[in-house]
Structures are given as C-alpha cells and as structure tokens.
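First the structure, in the form of structure tokens, and then the observations on it.
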Amino acid sequence: MAEQEQKRTFEELVAEGAAVPTEGWDFSWFEGRAIEARPSWGYAKAMAGRLAGATAALDLHTGGGEVLDFALDTAPKAPVLTVATEGWPPNVAKATALLRPRGVAVVASPEDAPLPFADDTFDLVVSRHPVRPDWPEIARVLQPGGTYFAQHVGPGSAFELVESFLGPQPDQRHSARHPDRESEGAEAAGLEIVDLRAERLRMEFHDIAAVVHFLRKVVWMVPGFTVQAYEPRLRALHERIESEGPFVAHSTRHLFEASKPGR
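Per the numbering used here, residue 379 is the first one in the sequence shown, and the count goes up by one each step.
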C-alpha cells in the first residue's frame, strides 16, 4: 500500500490536500502522512486537572472545541460554568455542535474584539494556541486569584516550511510570539507569571498533500496560500520529498501560566 501511495502523482496528491475540510483542530487526517512531536507537559490532560478545580472557566479561541471536549471528558468534575469563544464561523458551528451537549456555551467573538463578558467573571481562563493573547482583556475577565493556563505557539514555529515558500523572513517575524515578550505583556496587564516552559519539537511531512492541507488549515503560516499561487514551489517540494524523504521542520510551543493577584 505504501509503495502505491509513493507512486501517486503530484496532481493527485495536491488535489487531495486541497479537498480536505479545514474546520476545527482535529489533525487525525495527518496520521501516516505527517507527524509532530508533542510537548512533554501534555496540555490537554493538564487542562482537565485545572478544569476540575474551577468554578467558572473560559476557553479562548476554542477552534472546533476538540481540546476542551477532551479535557472535560477527562476531568473528574466540570466547572459549574464553562464558556468558549471562537471567531471563525465554521468553527463556531462545529464547536457548538460538539460542546452544547456538555452544557458549554460557545460565543462567537472576533479575535480582535473585547471579550463579551463582565469583569471578574472567571476563575480559570484556558487556551490552546491562541492567535494573540489579549492580556488586558484576559486580566479583566479573570477573578482576583484566578489563573490563565495555556499552550502557546512559540517564535519561528515551522519556519523551515514557511521559508521554503516565502524565502528568508525578517528577524521581527522570527521573534514574534516570543515567550519573554508575552511575559512582559502579561505583567504589564497586571498578571503574575507562575510557570513558563518552552520546547522545540520535530515535525515531518511525508507527502505534498500533507503540506497543502497544513498550509490551508494553519492560515497564518503562509498568508494568502493557494495551490495555484504556489504551484512551482509545491512541485519543487514534492520532488524533494520523493527523492530525499520527509521534509523536516520544527514547531515551538510554550506552556504559560499566570495569575491575577487577589484583593
């Protein structure tokens, strides 16, 4: 079977990668086609433990709700109130269908808009891979003594792949999402850093279909990506994978925990 897959044409693989739905944060389609090492801290299980000790929890940028759904299923008990926000309409619909049976309200909220919640509402705010943490808003909705517990994408994540399409990137983009800079933003909003851990993790893309689907799903990697616009670079990368084996990149992740000082 693997030998037959290797014989598939560039056109067939690209068409497959372009046809896979991109809603949500379910990456199961990549099984056998791409791999990414996971951080040692096991965020989703750690989130489950935090949820079990919370009374009112908010999940920011929930995607399709998959991570929150897993954490709630794993947690020995759920908060009395759990709310999730999401900005992309297809994900709002998917998250609502998945989380409503658990009693979770999914709120459509643009990523760059103020959070539609009152001050001091939540004792726990969680997020897996937020686009951009809005520290003043996070601090505002946290109760005094509350906790922000999240896994962030770090600086230069998968840039081997990004730069194979866009060429060398400026230092400013390489250093974006740096945990030190995010810590400064959190502290400026009045939060105290409790824990901060970072890891660099190996990624492998085994065929060009996986590359196409990844760039369609994680849209900020190569802004404006389309198969038509990048066909020559896709073909060159396909030929490289065929002749040399999987394309290797490295993701960066950091575990971020901060607290809002009590009164």
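We put the beta carbon where it would ideally sit given N, CA and C, even for glycine.
Reduced DSSP secondary structure (H/G/I, E/B, other) of residue i
| i | result |
| --- | --- |
| D447 | helix |
| L615 | helix |
| F388 | helix |
| D642 | In the structure as shown, the chain starts at 379 and stops at 641, and residue 642 therefore has no counterpart that could be examined. |
| V519 | helix |
| R411 | coil |
| R551 | helix |
Bridge partners - residue i, DSSP secondary structure assignment
| i | result |
| --- | --- |
| S629 | L579 |
| E642 | It is not possible to answer for residue 642, since the shown part of the chain is limited to 379 through 641. |
| T460 | A435 |
| L502 | A435, T525 |
| V485 | T463 |
Proximity winner among the options, relative to residue i (alpha-carbon distances)
| i | options | result |
| --- | --- | --- |
| E582 | S406, G410, F388, F543 | G410 |
| H628 | L450, E622, K638, A576 | A576 |
| Q550 | V605, G534, F543, L539 | G534 |
| R480 | W403, L493, F448, G395 | F448 |
| V509 | L476, L438, R559, Q547 | L438 |
| E333 | D585, R555, A430 | The first residue shown for the chain is 379 and the last is 641, placing residue 333 beyond what the model contains. |
Contact belief for residue i with residue j at Cβ below 8 Å, rounded distance in angstroms
| i | j | result |
| --- | --- | --- |
| D501 | Q521 | 5 Å |
| L633 | V519 | Incorrect: roughly 21 Å between the Cβ atoms, too far for contact. |
| V590 | L612 | 7 Å |
| V531 | I516 | Contact flag wrong, Cβ pair sits at about 17 Å. |
| S621 | G524 | Incorrect: roughly 53 Å between the Cβ atoms, too far for contact. |
| F408 | A588 | 6 Å |
| T433 | V461 | No, T433 and V461 are not in contact; Cβ-Cβ is about 12 Å, not under 8 Å. |
| P639 | E541 | About 41 Å separates the two Cβ atoms, so there is no contact after all. |
Cutoff 8 Å: residue i Cβ touching any chain B Cβ
| i | result |
| --- | --- |
| L450 | Judged by its chain identifiers, the structure shown contains no chain B, having just a single protein chain. |
May I ask you to verify whether the stretch 431-447 touches the stretch 460-475, counting CB pairs closer than 8 Å and requiring at least 3?
yes
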